[in-house]
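The structure appears right after this line, and notes come after that.
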Amino acid sequence: MSDARTAAAVETVAIGDGMWRVSREGVALGVVHVFVARDGERFMARVVDRQRRCWVRVGEYWEFERAVAALVS
1 MSDARTAAAV
11 ETVAIGDGMW
21 RVSREGVALG
31 VVHVFVARDG
41 ERFMARVVDR
51 QRRCWVRVGE
61 YWEFERAVAA
71 LVS
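In structure tokens:
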């Protein structure tokens, strides 16, 4: 995987081993984390709930691009 990816004004930057920050125009939208499940590699999209001060799972996806798209929509 690439350390930085850009598509349609959305930027992803590697921030750790298997984790990317997703932002648009400098505003962080969330993170995508890769993990290995029983049935293969998956990508989890998460956002911060600022009121509760915790991460909230948006979903799990087979493709990196779909996980990023979940944070953008």
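Note that full-length UniProt numbering has the sequence shown beginning at 1, numbered continuously upward. Yeah, the Cβ is synthetic: ideal placement off N, Cα and C, and Gly gets one too. Please read these numbers as outputs of a predicted model, since none were measured by experiment.
Q: Classify R50 as buried or exposed, calling it buried when 16 or more other Cβ atoms lie within 10 Å of its own Cβ.
A: Counting C-beta atoms within 10 angstroms of its own C-beta, R50 has fewer than 16 neighbours from the protein chains shown and is therefore classed as exposed.
Q | Inter-residue spacing [alpha-carbon to alpha-carbon] between H33 and Y61 | A | Each residue's alpha carbon lies about 10 angstroms from the other.
**Q.** Straight-line gap, A7 to R42 (C-alpha atoms, nearest Å)
**A.** At A7 the pLDDT is 49, less than 50, meaning the model places this residue with poor confidence and gives no usable figure here.
Q: Sort L29, R38, D17, D39 by Cα distance to A67 and report the nearest one.
A: Looking from the CA of A67, the closest CA among L29, R38, D17, D39 belongs to L29.
Q) How many whole angstroms separate the CB atoms of A70 and V58, which I take to be in contact at a CB cut-off of 8 angstroms? A) About 5 angstroms; that satisfies the 8 angstroms criterion.
Q) Is it right to say A45 is buried, meaning 16 or more other beta carbons lie within 10 angstroms of its own, or is it exposed? A) By the neighbour-count rule (16 or more Cβ atoms within 10 Å), A45 is buried.
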